[in-house]
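In the numbering used here, the protein residues as written are 617 to 761.
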């Protein structure tokens with residue numbers, strides 16, 4: 617076939633530059649935000665105010681007073697052992713109030729491996745309500761058997 621004088625030449629193919637598409641990246645970030653919002657707990661936790669460190673000692677110039685030794689409190693699963701007596705968690709506040717009335721100012725909390733975090737928090741809140749001034753929580757070393 618002979619070329620016709622008015623024939624249009626085919627357009628040359630233009631190379632398209634690959635472009636960075638943000639749409640899929642934004643979708644992934646949005647899905648991650650939704651996932652973390654749904655998976656996190658939206659429960660108001662009670663705050664436990666922590667006082668100054670016990671290692672600081674009395675203020676300079678303050679008279680040194682001897683206080684009673686701390687009372688050992690063993691925290692078990694749903695129960696507390698104080699001086700050999702096993703007490704239910706619901707009665708811990710009353711027990712601490714009785715200890716405070718007897719002159720106790722400090723307690724030493726020893727959570728057992730069966731105690732939950734909620735058990736420890738319940739005992740800490742009861743000690744705060746009883747106005748016990750010095751509360752020490754002992755933990756087990758992670759390399760201990």
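Note that CB positions come from ideal geometry on N, CA and C, so glycine has one too.
Proximity of residue i and residue j at Cβ, strictly below 8 Å
i	j	result
residue 696	residue 703	yes
residue 684	residue 698	no
residue 693	residue 730	yes
residue 733	residue 743	no
residue 723	residue 748	yes
Alpha carbon of residue i to alpha carbon of residue j, nearest angstrom
i	j	result
residue 640	residue 690	55 Å
residue 720	residue 648	51 Å
residue 642	residue 654	18 Å
residue 708	residue 726	15 Å
residue 740	residue 713	13 Å
residue 625	residue 633	24 Å
residue 745	residue 735	15 Å
residue 652	residue 645	11 Å
residue 701	residue 650	49 Å
residue 635	residue 656	36 Å
Which residues DSSP lists as bridging residue i, in chain order
i	result
residue 724	688 and 752
query: Which runs of the beta strand (DSSP E) fall wholly inside the region 689–719 and span at least 3 residues, in chain order?
result: 695–698 and 701–704
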